[in-house]
Amino acid sequence: MMDYKAPLRDMRFLINEVLDYPSHYAALPNGADATPDMVEAILEGAATLCEEVLAPLNLSGDREGCRFENGEVSTPTGFREAYRQFVDGGWQGLSFPEAYGGQGLPASISAIKSEMMGTANWSFAMYPGLSVGCINTIVQFGSDEQKDMYLPSLVSGEWTGTMCLTEPQCGTDLGQIQTRAELADDGTYRVTGTKIFISAGEHDLTDNIIHIVLARVTGAPAGTRGISLFIVPKFLVSAAGVPGKRNDLACGSIEHKMGIRASATAVLNFDGATAFMMGEENKGLEAMFTFMNTARIGTAIQGVCHAEASFQRALQYASERRSMRALSGKKDPDFKADALIWHPDVRRMLLTQKAIAEGGRAMIYSVAKIADFLVNAVLDGDVSRQKEEDSCLGFYTPILKGFLTEMGLEAANLGMQVYGGHGYIHEHGMEQIARDARIATLYEGTTGIQALDLLGRKVLLATKGKCVRDFTLTMMKFSRGRLLQPGAIGKMARSLLKRSVEWNILTGRIMLRATKDREAVGSASVDYLMYSGFVMMAYFWALQADKASELLRSGAGRESDEFYRAKIQTAQFYFERLLPRAGSHYTSAIAPTSSVLDMDKSHFAFG
Ligand SMILES: Cc1cc2nc3c(=O)[nH]c(=O)nc-3n(C[C@H](O)[C@H](O)[C@H](O)COP(=O)(O)OP(=O)(O)OC[C@H]3O[C@@H](n4cnc5c(N)ncnc54)[C@H](O)[C@@H]3O)c2cc1C
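Each residue of the sequence shown is one higher than the one before, starting from 909 at the first, in our numbering.
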C-alpha cells in the first residue's frame, strides 16, 4: 500500500501558474528570500520528510495510540525520532521572525508545508501545529522579556506550546470559564482550575511545554469581559531560558478518542501553577481571537489533507481491484474483470474526492496570501493595516474552515466506499482517515459556530453584505471577460455570473427576514455557509480551468497537456455534479424558520 506522495505538480501549478506566488513574494517585505528556487527546495524537502518519515508512522501511530502512565504521556513508537528530524530540519521556524531564530519567510509557505505534514500524518502534525498558536500569541502580546524567554525554544521546536481554552462546562461559550488566577506578591499569578481536551497538552517529544491559558483574575467581571491571558510553562524557565522547577500543574488523563489517536488530548489540572500575564488584564479573549482567523485556516487545511490522503489511496485501489465488466464492454480484456475505475459510479466518487482536494487547495493557497499581509502588518505593529487584513481574512475563514472540513469528511467517507468492505478494515488505513477527519468539523469552532460567525457577524453585522458584494464582484469581473468564450470556460463563466447575483439575493433575503425574526440567522446559517462554500469553490475551479486552458493554447505552461486537460475536466465535473448542491442549500436557507422552531421542546420524542 502506498502511503503518501506529495502532490507537488498540483502545488506548483497553483503557486506558479494560477496564483502567481513569485510576484506576490517579490512585493512582500519578508518575501525577498522566498525566491522560486528557495520555494522549490522547501517543497522538495518537506515532501521528503512527509513521505519518508511521517507517513510511515501514520497507521502504526493510530494503532498504538498515546499511553498515559503516572501523569506522563508517551507518544507512539517512532514519534520522538521523527520529531527530532522535524526540529533538526528547522521546519518549525520557517515563517517565524529571524529575531527569534526563525527563517522569516512568508506564512503561506508554512501553510503548504502544513498541508503536506497533515496529509502524511495529521496526529503528528498537531504537536508542532498547536505551537503555532502559542508562538503567534506571544509574538503579539508577550512583553520583550517574555518573548526572549520563550520564543527561541518554541520557534526552534525544542519546546512545544498549547492553547488552553476549553473547560468541562464550556468549549464554545468561553464566557463560562472558571479557571482562576490570583495575583501573588511577586507580581506573578497562581492559576487554579481544570482544562480539558488540550491538544499536545502532555507528551514526551520535548523538554518543556508552554501553555497559553485563559483564566479569570480574582474579582474580574463575569462573562467574556473578565478573562485574561497567561503563560504557564510546564517547567518554570530561568532568565537564561533554561527549564528548571516543575510547575504546579499535572496531566490528569488523556482522552480515548475516535480518531487522531496518536495526538495526545489532555486533561490538565492547574493547582496554583505559577503564571505570567500577557497583554491587558480582562482582555484575554480579545487577544486570543486575534489569531483566530489564521488558526482556523490551519484547521481548514485538515479538510484538504484528508481529502487528498483518501483520494490517493482510493485511486490506487480503483486502478488495481477488479470487478465485473464495464456496461459498455470489456475495458481490460486481458483480465477476468475490469478495474473499478472503469465504472461510472466509482469515477464519480474519485472525481468528487479530487475536486474537493484540488479545489480546497486552491482556496487555501489563495487565502494564505492574505494571511501573508496580515502577519506582516502584525510584525510592523501597524494596527490599522492589521485590522484591514484581518477583516478581509475574516470573511474567508469561516467558509474555509466550515465548508472544507465538512467536504474533507465527505471525501474521506467516499474513499472508504471505493474500497468496499475493505475500507472498513483497519489495516487499509481508509477508516482511520474517516475517523481522523471527523474532529475537524468540531474543534476550533464547530461548523454551526463557523456558520453563525459568517452569516451573523461577518456578513450581516460587520459589513451589511459588503463582503459578499466584494467577493462576487471579483467573480463577476472574471466571468464577464469570458462569457462568450466557446466551450467549457464560457459555460463556467455564465454559471458563475448567475451564482454571483444569486449569492447577493440570498444574502438580501436573509437580511430582510432577520430584521423581523431574530431566529432567521441561526436557522439559515449552516445552509448559507455551505452555499457560500460551493460557490466560492466554483470560482477557484473556474480560475484553474481558465489558466489551464490558456496554457494549453499558448503552450507556455510548465506542465503536460494531459495535466491541463484533466484540470479542465475536473472543473467541468465540479460545475455539473457538485455545484448544483448550492441550489438545495439556497432553498433550505430561505425556508420558513417555523419548520425548525415550531415544535414544542417536549415533542421531540415520545418515550
Ligand atoms: C480532539 C480534540 C482536541 C481539542 N483541542 C483543543 C485545544 O487544544 N484547546 C482547547 O482549548 N480546546 C480544544 N478542544 C475543544 C474544542 O475546541 C471544543 O470541543 C469545541 O469548541 C466545542 O465545544 P464543546 O465541546 O464544549 O461543545 P458545546 O459548546 O457544548 O457545543 C455542542 C453543540 O452545540 C452547538 N452550539 C453551542 N452553542 C451554540 C450556539 N450559541 N448556537 C448554535 N449552536 C451552538 C455546537 O455547534 C455543537 O454542535 C478539542 C476538542 C477535541 C475533541
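Glycine included, each C-beta is placed from N, C-alpha and C at the ideal position.
Keep in mind the model is a prediction, meaning the values are calculated, not measured.
### Task
Determine which residues share a DSSP beta bridge with residue 1183 and list them.
For the purposes of this step, residue 1183 is identified with residue 275 of the sequence shown, where counting begins at 1. DSSP lists 1097 as partners of residue 1183.
#### Entry: residue 938 (DSSP reduced to helix, strand or coil)
Numbered from 1 along the sequence shown, position 30 holds the residue referred to as residue 938. It is coil, neither helix nor strand.
### Inter-residue CB distance, residue 1010 and residue 1063 (contact presumed, cutoff 8 Å)
For the purposes of this step, residue 1010 is identified with residue 102 of the sequence shown, where counting begins at 1. For the purposes of this step, residue 1063 is identified with residue 155 of the sequence shown, where counting begins at 1. Rounded, the Cβ-Cβ distance is 5 Å, consistent with contact.
### Task
State the start and end residues of the unbroken beta strand (DSSP E) segment that holds residue 981.
Residue mapping note: residue 981 aligns to position 73 of the sequence shown, counting from 1. Where residue 981 is concerned, the enclosing beta strand (DSSP E) stretches over 980 to 982.
### Message
Let's see if you can read the secondary structure: which residues bound the beta strand (DSSP E) around residue 1158?
### Response
Indexing the sequence shown from 1 puts residue 1158 at position 250. Residues 1157 to 1162.
### Query
What residue does the beta strand (DSSP E) around residue 1089 start on, and which one ends it?
Counting from 1 along the sequence shown, the entry for residue 1089 is found at position 181. Segment 1088 to 1091, the beta strand (DSSP E) holding residue 1089.
### Query
Using 8 Å as the Cβ pair cut-off and three pairs as the minimum, do the segment 949 to 965 and the segment 1017 to 1027 touch?
yes
### Message
Three Cβ pairs or more, each shorter than 8 Å: is that satisfied between the segment 1447 to 1458 and the segment 1388 to 1404?
### Response
yes
### Query
Closest by CA to residue 982, which one among 1114, 1080, 1229?
Working through the sequence shown from its first residue, we reach residue 982 at position 74. Selected option, being the one with the closest Cα: 1114.
### Message
Tell me the DSSP secondary structure of residue 1438 in three-state form.
### Response
Counting from 1 along the sequence shown, the entry for residue 1438 is found at position 530. Residue 1438: helix per DSSP, three-state reduction.
### Task
Take every Cβ of the segment 1486 to 1500, pair it with every Cβ of the segment 1431 to 1446, and state whether three or more of those distances are shorter than 8 Å.
yes
### Message
Between residue 1168 and ligand 1, is there a pair consisting of the residue's CB and a ligand heavy atom that are separated by less than 7 Å?
### Response
Residue 1168 sits at position 260 when you count from the first residue of the sequence shown. Residue 1168: yes, Cβ under 7 Å from ligand 1.
### Query
Is it buried or exposed for residue 1307, if we count other Cβ within 10 angstroms and need 16 for buried?
Taking the first residue of the sequence shown as 1, we reach residue 1307 at position 399. With 16 or more Cβ atoms within 10 Å of its Cβ, residue 1307 is classed as buried.
### 8 Å Cβ cutoff met for residue 1140 and residue 1183
By 1-based counting over the sequence shown, the position of residue 1140 is 232. By 1-based counting over the sequence shown, the position of residue 1183 is 275. Yes, they are a contact pair.
### Query
How should residue 1413 be labelled, buried or exposed, when 16 other C-beta atoms within 10 angstroms of its C-beta is the threshold for buried?
Within the sequence shown, the letter at position 505 stands for residue 1413. Classification of residue 1413: exposed, given that the 10 Å Cβ count is below 16.
### Query
Residues bridged to residue 1072 by DSSP?
As a position in the sequence shown, residue 1072 is number 164, starting the count at 1. DSSP output for residue 1072 lists 1121 as bridge partner(s).
### Query
Under 7 Å from any heavy atom of ligand 1, does the C-beta of residue 1501 make it?
Working through the sequence shown from its first residue, we reach residue 1501 at position 593. False, no ligand heavy atom lies under 7 Å from that Cβ.
### Message
Taking the beta carbon of residue 1119 as the centre, do at least 16 other beta carbons fall within 10 Å, making it buried, or is it exposed?
### Response
Here residue 1119 refers to the residue found at position 211 when the sequence shown is read from its first residue. Classification for residue 1119: buried.
### Task
Determine the direct distance from the alpha carbon of residue 956 to that of residue 1555, and round the result to whole angstroms.
Residue numbering for the chain in the displayed model covers 909 to 1515; residue 1555 lies beyond these limits and cannot be assessed.
### Task
Provide the residue(s) that pair with residue 1175 in DSSP beta bridges, ordered along the chain.
Translated into positions along the sequence shown, residue 1175 becomes position 267. BP columns for residue 1175 point to 1161.
### Query
Between residue 1325 and residue 1331, is the Cβ-Cβ spacing less than 8 Å?
In the sequence shown, counting from the first residue as 1, residue 1325 sits at position 417. In the sequence shown, counting from the first residue as 1, residue 1331 sits at position 423. Going by C-beta atoms, residue 1325 is nearer than 8 Å to residue 1331.
### Query
So, helix, strand or coil for residue 1516, using DSSP?
This structure gives no information on residue 1516, because the portion of the chain shown stretches from 909 to 1515.
### Message
Using only the alpha-carbon positions, how far apart do residue 910 and residue 1211 sit?
### Response
If you number the sequence shown from 1, residue 910 lands on position 2. If you number the sequence shown from 1, residue 1211 lands on position 303. In this predicted model, residue 910 has a pLDDT of only 49, less than 50, meaning its place in the structure is not dependable; the value taken from the coordinates is given anyway. Whole-angstrom Cα-Cα distance: 20 Å.
### Under the three-state DSSP convention, the category residue 964 falls into
Sequence index remark: in the sequence shown, residue 964 carries index 56 (1-based). Helix at residue 964.
### Task
Using alpha carbons as the reference points, say which of 1031, 1393, 1362, 1291 lies closest to residue 1454.
Within the sequence shown, the letter at position 546 stands for residue 1454. When only C-alpha atoms are compared, the closest one is 1393.
### Task
Indicate whether the contact test is met: 3 or more Cβ pairs, each with one atom in the segment 1425 to 1432 and one in the segment 1360 to 1377, closer than 8 Å.
yes
### Task
Classify residue 1151 as helix, strand or coil using the three-state DSSP reduction.
Looking up residue 1151 in the sequence shown gives position 243. Strand, per DSSP.
### Query
To which residues of the same chain is residue 941 closer than 8 Å at the C-beta, ignoring the five residues directly before and after it?
Counting from 1 along the sequence shown, the entry for residue 941 is found at position 33. So the qualifying residues of the chain are 1011, 1012, 1013.
### Query
Does ligand 1 have even one heavy atom less than 7 Å from the beta-carbon of residue 1071?
Here the question's residue 1071 lines up with position 163 in the sequence shown. Yes, since a heavy atom of ligand 1 falls inside the 7 Å radius drawn around the Cβ of residue 1071.
### Query
Which one or two residues does DSSP pair with residue 1061 in a beta bridge?
Position 153 of the sequence shown, counted from the first residue, corresponds to residue 1061. Bridge partners of residue 1061: none, in fact.
### Message
Suppose you measure from the CA of residue 1060 to the CA of residue 1218; what does that come to, to the nearest Å?
### Response
Residue numbering aside, residue 1060 sits at position 152 when the sequence shown is read from its first letter. Residue numbering aside, residue 1218 sits at position 310 when the sequence shown is read from its first letter. Residue 1060 and residue 1218: Cα-Cα distance of roughly 36 Å.
#### Entry: CB contact flag (residue 1247, residue 1310, <8 Å)
Here residue 1247 corresponds to residue number 339 of the sequence shown, with the count starting at 1. Here residue 1310 corresponds to residue number 402 of the sequence shown, with the count starting at 1. In this structure, residue 1310 does not lie closer than 8 Å to residue 1247 by Cβ.
### Task
Going by CA-CA distance only, name the one from 1357, 1417, 1242, 1215 that's closest to residue 914.
One-based indexing of the sequence shown puts residue 914 at position 6. Looking at the Cα atoms, 1215 is the closest of the given residues.
### Query
How many angstroms separate the CA atom of residue 1293 from the CA atom of residue 929?
For the purposes of this step, residue 1293 is taken as the residue at position 385 of the sequence shown. For the purposes of this step, residue 929 is taken as the residue at position 21 of the sequence shown. Whole-angstrom Cα-Cα distance: 21 Å.
### Message
Can you look up residue 1303 in the DSSP assignment and give me helix, strand or coil?
### Response
Walking along the sequence shown from the start, residue 1303 turns up at place 395. In the structure shown, residue 1303 sits in a helix (DSSP, three-state: H, G or I).
### Task
List the endpoints of the continuous beta strand (DSSP E) containing residue 1144.
Sequence index remark: in the sequence shown, residue 1144 carries index 236 (1-based). Residues 1143 to 1145.
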